[in-house]
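S.K.: This is the structure I want to talk about, given as structure tokens.
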Amino acid sequence: MNHSATHADMDACYLALKAHDARFDGHFFTGVTSTGIYCRPVCRVRTPKRENCRFFSLAAQAERAGFRPCLRCRPELAPRQLNPGMAQDKAWSMQDASAILTAQAAALMDAPARADAPALTVQNLAQRLGISDRHLRRIFEAQLGVSPLQYLQTRRLLNAKQLLTDTTLAVTRVAELSGFASVRRFNAAFVSHYGLNPTQLRHTRPAQRTPAAQEGIFVRLSYRPPYDVAALLQFLAMRQITGLELLDQTNASLGKTMALAHGQQRVTGWVLARFDAAHCRVNLQVSEALAEVLPQVITRVRSLLDLDADPLAINKVLHPDFPHGDGLRLPGTLDGFELAVRAVLGQQITVAAARTLARRLVAQFGEPIVTPIAGLNRLFPAPQVLAAASADALSALGIVKQRQAAIQALAAAVANDRLCLDSVADVQTTLAQLQALPGIGDWTAHYIAMRALHWPDVFPAADVALHKALGLQGAAHPAKAALAASQAWQPWRSYAVIRAWATLATPPDNGQHAKTP
Numbered sequence: 004m005n006h007s008a009t010h011a012d013m014d015a016c017y018l019a020l021k022a023h024d025a026r027f028d029g030h031f032f033t034g035v036t037s038t039g040i041y042c043r044p045v046c047r048v049r050t051p052k053r054e055n056c057r058f059f060s061l062a063a064q065a066e067r068a069g070f071r072p073c074l075r076c077r078p079e080l081a082p083r084q085l086n087p088g089m090a091q092d093k094a095w096s097m098q099d100a101s102a103i104l105t106a107q108a109a110a111l112m113d114a115p116a117r118a119d120a121p122a123l124t125v126q127n128l129a130q131r132l133g134i135s136d137r138h139l140r141r142i143f144e145a146q147l148g149v150s151p152l153q154y155l156q157t158r159r160l161l162n163a164k165q166l167l168t169d170t171t172l173a174v175t176r177v178a179e180l181s182g183f184a185s186v187r188r189f190n191a192a193f194v195s196h197y198g199l200n201p202t203q204l205r206h207t208r209p210a211q212r213t214p215a216a217q218e219g220i221f222v223r224l225s226y227r228p229p230y231d232v233a234a235l236l237q238f239l240a241m242r243q244i245t246g247l248e249l250l251d252q253t254n255a256s257l258g259k260t261m262a263l264a265h266g267q268q269r270v271t272g273w274v275l276a277r278f279d280a281a282h283c284r285v286n287l288q289v290s291e292a293l294a295e296v297l298p299q300v301i302t303r304v305r306s307l308l309d310l311d312a313d314p315l316a317i318n319k320v321l322h323p324d325f326p327h328g329d330g331l332r333l334p335g336t337l338d339g340f341e342l343a344v345r346a347v348l349g350q351q352i353t354v355a356a357a358r359t360l361a362r363r364l365v366a367q368f369g370e371p372i373v374t375p376i377a378g379l380n381r382l383f384p385a386p387q388v389l390a391a392a393s394a395d396a397l398s399a400l401g402i403v404k405q406r407q408a409a410i411q412a413l414a415a416a417v418a419n420d421r422l423c424l425d426s427v428a429d430v431q432t433t434l435a436q437l438q439a440l441p442g443i444g445d446w447t448a449h450y451i452a453m454r455a456l457h458w459p460d461v462f463p464a465a466d467v468a469l470h471k472a473l474g475l476q477g478a479a480h481p482a483k484a485a486l487a488a489s490q491a492w493q494p495w496r497s498y499a500v501i502r503a504w505a506t507l508a509t510p511p512d513n514g515q516h517a518k519t520p
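Once you know that position 477 of the sequence shown is 480 in our numbering, the rest is easy, because the numbers rise by one and skip nothing.
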């Protein structure tokens with residue numbers, strides 16, 4: 004499978020390949036020596052002979068070995084490995100320091116390029132991690148069998164391949180959005196790796212089945228089964244805000260407005276995600292207005308819907324204690340600031356009451372937006388707007404002073420770039436920053452880390468609903484008992500919390516169990 008794979012590993016990969024088993028999608032790629040192509044395990048071409056197969060745990064490894072991506076199964080659509088190089092059934096605290104650094108570096112390279120950020124290089128990546136670029140190259144080669152530059156180049160090329168195949172964006176825009184410094188370098192890399200230039204790829208792509216008379220850009224996003232789509236949509240539907248989002252549980256779809264920074268500008272638009280369970284896929288429709296930030300949109304939708312989760316690894320740890328939760332996902336968010344504000348609004352009140360406050364906030368301070376989707380017509384208030392809101396205006400919405408202080412402190416910190424609330428943020432630093440703000444305690448900070456930072460190992464030990472789900476209400480020290488029990492669920496304690504909540508007859512409210520100061 005990789006440079007340290009055993010024959011047993013490779014035999015297991017071949018069996019998964021023969022079965023087209025979607026549970027292993029993204030776990031490995033198969034290079035076929037007779038064709039020079041590498042595929043996902045779900046590829047529907049004729050299964051190659053065992054002696055013609057080489058198995059790789061990463062696309063970058065396959066490309067380093069000289070294989071080109073399959074145009075049929077499209078390796079760029081495979082769910083990602085969130086922590087490549089790390090054992091997925093071990094806690095981070097138990098990992099080798101090199102494995103942790105490698106996973107952190109890979110996560111930063113997987114993040115989409117931003118117009119307002121300098122181009123990512125191995126040198127500034129190493130500086131961000133606090134190590135030398137030589138050390139970064141050494142541990143990356145040792146852990147993954149490829150250099151950081153090869154990993155980054157493969158990620159950029161596969162991102163570009165998806166944009167070229169699924170959209171009509173100009174090649175120059177695709178190059179920029181994929182993180183290439185120039186079109187010349189992009190074209191050279193594409194020809195070198197794939198044997199054809201970007202324009203030729205577009206001529207060879209299959210006809211896209213774009214829904215007739217529908218606006219927007221259409222892309223496909225894959226996930227690994229099992230996936231309890233109904234449970235995730237129900238979780239989000241309970242928290243739905245009129246005008247901001249639209250859940251259709253019957254047709255398994257989710258519509259949402261969103262705003263993203265693009266350089267010095269703020270671009271706004273909408274997305275519509277439709278689940279296609281038969282193909283373990285989400286068909287995503289994105290407004291043309293968001294074309295300039297499409298890679299960021301795709302990344303945020305994957306986080307919102309937890310499309311990169313690894314059920315095999317998670318269930319191996321959690322199934323003995325939560326046997327009915329194998330398909331549950333960790334709901335994320337499109338906007339970390341929005342999630343944080345909504346968590347504050349929901350402190351110690353019911354979901355319905357929190358939703359009412361959020362609706363008032365959006366109606367009063369949210370920007371109107373025109374979309375082709377009936378019911379989607381508001382944007383969540385920008386951080387700058389809430390930071391400048393008057394106490395009287397917030398009080399008129401029914402928001403108490405303590406919550407006002409927390410919201411405005413959050414807004415000011417995000418608006419001034421002192422606080423980052425997305426998946427590339429350092430978790431421990433962000434937790435400390437959040438708890439230093441007025442009105443935000445341990446529970447709220449961890450809830451934000453769980454959903455906005457999409458951290459898989461958050462455990463709000465003091466949560467009352469969690470105590471009830473675990474049968475600890477009568478314990479002398481339920482928080483200590485819950486924390487002790489949780490050690491067996493590392494590094495997937497966020498998923499354990501979701502599964503525990505799901506066992507309750509009445510689902511817990513959004514933050515009402517937080518004991519914030």
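We put the beta carbon where it would ideally sit given N, CA and C, even for glycine.
Can you tell me the Cβ-Cβ gap for arginine 246 and asparagine 380, rounded? I've got them flagged as a contact below 8 Å.
M.R.: As a first step, residue 246 must be located in the sequence shown, where it is residue number 243. As a first step, residue 380 must be located in the sequence shown, where it is residue number 377. The sequence shown places glycine at residue 246, not arginine. Contact holds; Cβ gap of about 5 Å.
S.K.: Pairing CB atoms from the segment 8–24 with CB atoms from the segment 44–60, are three or more of them under 8 Å?
M.R.: yes
S.K.: Let me check one thing: in DSSP terms, what residues is lysine 52 bridge-paired to?
M.R.: Locating residue 52 in the sequence shown gives position 49, counting from the first residue. Per DSSP, none; premise fails for lysine 52.
S.K.: Please tell me whether alanine 355 and leucine 348 are closer than 7 Å, where the distance is taken between their beta carbons.
M.R.: In the sequence shown, the residue the question calls residue 355 occupies position 352. In the sequence shown, the residue the question calls residue 348 occupies position 345. No, these two residues do not count as a Cβ contact at 7 Å.
S.K.: Need the endpoints of the beta strand (DSSP E) that alanine 592 sits in, please.
M.R.: Summary: the structure shown does not reach residue 592, with the chain confined to residues 4 through 520, and so no result is reported for it.
S.K.: Let me know the secondary structure DSSP gives asparagine 380 once reduced to three states.
M.R.: Here residue 380 is taken as the residue at index 377 of the sequence shown, counted from 1. Three-state DSSP puts asparagine 380 in coil, outside helix and strand.
S.K.: Between which two residues does the beta strand (DSSP E) harbouring glutamate 248 extend?
M.R.: In the sequence shown, the residue the question calls residue 248 occupies position 245. Counting along the chain, the beta strand (DSSP E) containing glutamate 248 begins and ends at 248–251.
S.K.: Can you tell me the Cα-Cα spacing of phenylalanine 58 and threonine 447, whole angstroms?
M.R.: Along the sequence shown, one-based indexing puts residue 58 at 55. Along the sequence shown, one-based indexing puts residue 447 at 444. Approximately 43 Å, taken between the alpha carbons.
S.K.: Measuring alpha carbon to alpha carbon, tell me which residue in Arg406, Gln411, Gln405, Asp169 is nearest alanine 521.
M.R.: Because residue 521 is not part of the residues shown, which for the chain are 4 to 520, the question remains open.
S.K.: Counting only the same chain and skipping the five closest in sequence on each side, list residues whose C-beta sits under 7 Å from that of isoleucine 142.
M.R.: Taking the sequence shown and counting its residues from 1, one reaches residue 142 at position 139. The residues are Ser101, Leu104, Thr105.
S.K.: Measure the C-alpha to C-alpha separation of serine 60 and threonine 359 and round it to an integer number of angstroms.
M.R.: Taking the sequence shown and counting its residues from 1, one reaches residue 60 at position 57. Taking the sequence shown and counting its residues from 1, one reaches residue 359 at position 356. Each residue's Cα considered, the two are about 47 Å apart.
S.K.: Does the separation of the CB atoms of glycine 328 and leucine 424 fall below 7 Å?
M.R.: Position 325 of the sequence shown, counted from the first residue, corresponds to residue 328. Position 421 of the sequence shown, counted from the first residue, corresponds to residue 424. Cβ distance not < 7 Å, so glycine 328 and leucine 424 don't count as in contact.
S.K.: Which residue from Glu370, Pro441, Ala435, Ala377 puts its Cα closest to that of lysine 404?
M.R.: Within the sequence shown, residue 404 is the residue found at index 401, counting from 1. The shortest Cα separation from lysine 404 among Glu370, Pro441, Ala435, Ala377 belongs to Pro441.
S.K.: Can you check whether the CB of serine 290 is closer than 7 Å to the CB of serine 426?
M.R.: Looking up residue 426 in the sequence shown gives position 423. Looking up residue 290 in the sequence shown gives position 287. Not a contact, by the Cβ cut-off of 7 Å.
S.K.: Expressed to the nearest angstrom, what Euclidean distance is found between the alpha-carbon atoms of threonine 38 and leucine 315?
M.R.: Against the sequence shown, residue 38 aligns to sequence position 35. Against the sequence shown, residue 315 aligns to sequence position 312. Those two C-alpha atoms are separated by around 30 Å.
S.K.: What are the boundary residues of the beta strand (DSSP E) that phenylalanine 32 is part of?
M.R.: Locating residue 32 in the sequence shown gives position 29, where the first residue counts as 1. Looking at the DSSP string, the run of the beta strand (DSSP E) that includes phenylalanine 32 is 32–35.
S.K.: In three-state DSSP terms, what is leucine 61?
M.R.: On the sequence shown, position 58 is the one that residue 61 refers to. In this structure, leucine 61 counts as coil in the three-state DSSP scheme.
S.K.: Using three-state DSSP, classify isoleucine 40 as helix, strand or coil.
M.R.: By 1-based counting over the sequence shown, the position of residue 40 is 37. In the structure shown, isoleucine 40 sits in a strand (DSSP, three-state: E or B).
S.K.: Comparing alpha-carbon positions, which option in Ala385, Ala399, Asp231, Pro229 lies nearest valine 417?
M.R.: Taking the sequence shown and counting its residues from 1, one reaches residue 417 at position 414. The shortest Cα separation from valine 417 among Ala385, Ala399, Asp231, Pro229 belongs to Ala385.
S.K.: In three-state DSSP terms, what is alanine 262?
M.R.: What you label residue 262 is simply residue 259 of the sequence shown in a count that begins at 1. Note: alanine 262 maps to strand in three-state DSSP.
S.K.: Taking only the alpha-carbon atoms, compute the straight-line gap between alanine 439 and threonine 432 and give it to the nearest angstrom.
M.R.: Position 436 of the sequence shown holds residue 439. Position 429 of the sequence shown holds residue 432. Distance between the alpha carbons of alanine 439 and threonine 432 is about 11 Å.
S.K.: Do three or more CB pairs link the segment 26–44 to the segment 223–231 at distances below 8 Å?
M.R.: yes
S.K.: Once the 5 residues before and after valine 186 are set aside, which same chain residues still bring their CB inside 8 Å of it?
M.R.: As a first step, residue 186 is located in the sequence shown; it is residue number 183 there, counting from the start. Within the same chain, valine 186 has close Cβ partners Val174, Thr175, Ala178.
S.K.: Can you find the residues in the same chain that come closer than 8 Å, C-beta to C-beta, to tyrosine 41, ignoring five residues on each side of it along the sequence?
M.R.: Here residue 41 refers to the residue found at position 38 when the sequence shown is read from its first residue. These residues qualify, in order along the chain: Phe32, Thr33, Gly34, Val35, Phe59, Ala62, Ala65, Glu66, Phe70, Arg71, Pro72, Cys73, Pro78.
S.K.: For proline 323, count the other beta carbons within 10 Å of its own beta carbon; 16 or more makes it buried, fewer makes it exposed. Which is it?
M.R.: Reading the sequence shown from its first residue, position 320 is the one you call residue 323. The residue is exposed, with fewer than 16 neighbouring Cβ atoms inside 10 Å.
S.K.: Is it true that the CB of leucine 382 sits closer than 7 Å to the CB of alanine 499?
M.R.: Here residue 499 refers to the residue found at position 496 when the sequence shown is read from its first residue. Here residue 382 refers to the residue found at position 379 when the sequence shown is read from its first residue. Cβ atoms of alanine 499 and leucine 382: not closer than 7 Å.
S.K.: Suppose you measure from the CA of arginine 43 to the CA of leucine 167; what does that come to, to the nearest Å?
M.R.: The residue labelled residue 43 in the question sits at position 40 within the sequence shown. The residue labelled residue 167 in the question sits at position 164 within the sequence shown. Going by the C-alpha atoms only, they are around 19 Å apart.
S.K.: Using the Cβ count rule (16 or more neighbours within 10 Å means buried), how would you classify alanine 281?
M.R.: In the sequence shown, counting from the first residue as 1, residue 281 sits at position 278. Exposed, because fewer than 16 other Cβ atoms sit within 10 Å of the Cβ of alanine 281.
S.K.: Taking the straight line between their C-alpha atoms, what separation do you get for leucine 297 and alanine 484?
M.R.: The residue you call residue 297 lines up with position 294 of the sequence shown. The residue you call residue 484 lines up with position 481 of the sequence shown. Leucine 297 and alanine 484 have their C-alpha atoms some 45 Å from each other.
S.K.: Please report the Cβ distance between alanine 361 and isoleucine 244, rounded to the nearest whole angstrom; I am assuming they are in contact, meaning their Cβ atoms lie under 8 Å.
M.R.: Residue numbering aside, residue 361 sits at position 358 when the sequence shown is read from its first letter. Residue numbering aside, residue 244 sits at position 241 when the sequence shown is read from its first letter. At roughly 5 Å, the Cβ-Cβ gap stays under 8 Å, so alanine 361 and isoleucine 244 are in contact.
S.K.: Hey, could you find the ends of the alpha helix (DSSP H) arginine 1 is sitting in?
M.R.: Past the edges of the chain, shown from 4 to 520, lies residue 1, and the structure says nothing about it.
S.K.: Given that a residue counts as buried once 16 or more other Cβ atoms are within 10 Å of its Cβ, and exposed if not, what is proline 481?
M.R.: Looking up residue 481 in the sequence shown gives position 478. Looking at its Cβ environment, which holds 16 or more other Cβ atoms inside 10 Å, proline 481 is buried.
S.K.: How is tryptophan 95 classed by DSSP in three states: helix, strand or coil?
M.R.: For this step, residue 95 is matched to residue 92 along the sequence shown. Residue placement at tryptophan 95 cannot be trusted, given a pLDDT of 49 that sits under 50; what the coordinates show is reported in the next sentence. The answer is helix: DSSP assigns tryptophan 95 an H, G or I state.
S.K.: Between which two residues does the beta strand (DSSP E) holding serine 225 run?
M.R.: What you label residue 225 is simply residue 222 of the sequence shown in a count that begins at 1. Serine 225 -> beta strand (DSSP E) spans 220–225.
S.K.: Does the beta-carbon distance from valine 285 to alanine 294 come in below 7 Å?
M.R.: Here residue 285 is taken as the residue at index 282 of the sequence shown, counted from 1. Here residue 294 is taken as the residue at index 291 of the sequence shown, counted from 1. No, these two residues do not count as a Cβ contact at 7 Å.
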